[in-house]
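Numbers 1343 to 1641, taken from the numbering used here, label the letters of the sequence shown in order.
C-beta: ideal position from N, C-alpha, C; glycine also.
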Amino acid sequence: MSAPTVPGRTAPSPAASAPHVRRREGRVRRPVLYLVASLGLLLMATPFLWMALSSFKTRQDLTASPPVWIPTRWTLGNFHALLAQLDMPRYFVNSLVVAVLVTVCNLLFCSMLGYALAKLDFTGRTKVFAVVLAALMVPGNLLILPLYVLMSGMNLIDSYAGLVLPFAASAFGVFLMRQFMQSVPDELLEAARIDGAGEWYIFWRIVLPLVKPALATLAIFTFLGSWNNFVWPLVATNDPGKYTLPVALATFANDPNRTVAGGNGMLMAGSLLVVLPVLAVFAVLQRHFTQGIATAGLK
1343 MSAPTVPGRT APSPAASAPH VRRREGRVRR PVLYLVASLG LLLMATPFLW
1393 MALSSFKTRQ DLTASPPVWI PTRWTLGNFH ALLAQLDMPR YFVNSLVVAV
1443 LVTVCNLLFC SMLGYALAKL DFTGRTKVFA VVLAALMVPG NLLILPLYVL
1493 MSGMNLIDSY AGLVLPFAAS AFGVFLMRQF MQSVPDELLE AARIDGAGEW
1543 YIFWRIVLPL VKPALATLAI FTFLGSWNNF VWPLVATNDP GKYTLPVALA
1593 TFANDPNRTV AGGNGMLMAG SLLVVLPVLA VFAVLQRHFT QGIATAGLK
């Protein structure tokens, strides 16, 4: 039996009540989503928080059972011991030089090739882009041996050039820049050409300012990958003076005298020093990075 209706009043239609149902569901789902996101954030941040706090702990706190989260006595002894035992300034400079050079080269070369694939009409453009897509499917570790043979033949082992040149451009960077530059209106470029602008002027003064979010995204990914790169610097450097921070810390972790020198506290302090520059770069480029991710999602 249907519910009785009050004379003079019409029953609400299902279409009219649908927005109210959606609002109620939204009020229920939103706290659940916030709770799940908070748990995920806590899960991802816990190792970093443990590392950061442990770098300021004493040896007693590091070996305490049960584990101590907050140091009972804050100390900078781990950092002092790390600087005394390892040539951290040299390793830091090596990592910074390599990461900055690799990032700058990728921003330049990947944007140039991306512009050519997106906006220039030349013979073989489709085939070149197919090669770029194929390169994305090749595992990076598969190229370690041929890259080492090539760099060794060019006498670039134990040099900054040997650490930078193999990663001066990436297939991912070319693909990313090409996809973003396709969104630049062709009419804008044609108007610039009619006014007498050359391709370099169009690329440098018109296209690049319009793809700043893509450049920021590529800069963060490239800097992060180069800064944390371990396998290639380990293979391409025999001179400890050319070690980067990850290689130096890994070498120290395998040192049998590590426990005597300072133990895990020094490793935690060194790991914190490795992470801080990446956090600084992300903080500077965060606005452009989030804008680039949002724009990529709209394509």
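Where residue i falls: helix, strand or coil (DSSP)
i: Ser1494; result: helix
i: Arg1415; result: coil
i: Gly1538; result: coil
i: Pro1408; result: coil
i: Lys1554; result: helix
i: Tyr1543; result: helix
i: Val1499; result: This sequence places Ile at residue 1499; Val is not what is there. In this structure, Ile1499 counts as coil in the three-state DSSP scheme.
i: Ser1380; result: helix
i: Ala1511; result: coil
i: Tyr1457; result: helix
i: Pro1481; result: coil
i: Val1602; result: Because Val1602 sits at a pLDDT of 49, beneath the cut-off of 50, its placement in the model cannot be relied upon, and the following sentence gives the value as read from the coordinates. Correct three-state label for Val1602: helix.
i: Asp1429; result: coil
i: Phe1594; result: helix
Residue i burial status per 10 Å Cβ neighbour count (16 or more: buried)
i: Met1343; result: Because the pLDDT at Met1343 is just 48, under 50, the model does not fix this residue reliably, and the value given afterwards should be weighed accordingly. So Met1343 counts as exposed.
i: Asn1436; result: buried
i: Tyr1433; result: buried
i: Met1610; result: buried
i: Asn1571; result: buried
i: Leu1484; result: exposed
i: Ala1533; result: exposed
i: Ser1645; result: What the structure shows of the chain is the stretch from 1343 to 1641, and residue 1645 is not part of that stretch, so it cannot be assessed.
i: Thr1465; result: exposed
i: Pro1575; result: buried
i: Ile1536; result: exposed
i: Leu1518; result: buried
i: Pro1588; result: buried
i: Val1469; result: Sequence inspection shows Lys at residue 1469; the Val mentioned does not correspond to that position. Exposed, since its Cβ has fewer than 16 Cβ neighbours within 10 Å.
Close beta carbons around residue i, own chain, < 7 Å, minus the five adjacent residues each side
i: Val1440; result: Tyr1502, Leu1505, Val1506, Ser1568 and Thr1586
i: Met1523; result: Gly1456, Tyr1457, Ala1460, Lys1461, Val1549 and Val1553
i: Val1577; result: Ile1486 and Tyr1490
i: Phe1509; result: Val1444 and Ser1568
Cβ-based neighbour list, residue i, same chain, cut-off 8 Å, excluding 5 preceding and 5 following
i: Asn1580; result: Ile1499 and Asp1500
i: Ser1512; result: Asn1448, Cys1452 and Thr1564
i: Val1623; result: Ala1561, Ile1562, Phe1565 and Leu1566
i: Leu1395; result: Trp1411, Ile1412 and Pro1413
i: Ala1625; result: none
i: Leu1530; result: Ile1548
Own chain residues within Cβ distance below 6 Å of residue i, not counting five before or after
i: Pro1413; result: Phe1398, Lys1399 and Asp1403
i: Met1608; result: Asn1420, Ala1423 and Leu1424
i: Val1410; result: Asp1403
beta-carbon residue i near the ligand FAD non-hydrogen atom, thresh 8 Å
i: Met1479; result: The ligand FAD is not part of the structure shown, which contains no ligands of any sort.
Beta-carbon separation (whole angstroms), residue i vs residue j, contact threshold 8 Å
i: Val1616; j: Leu1591; result: 7 Å
i: Phe1514; j: Leu1478; result: 6 Å
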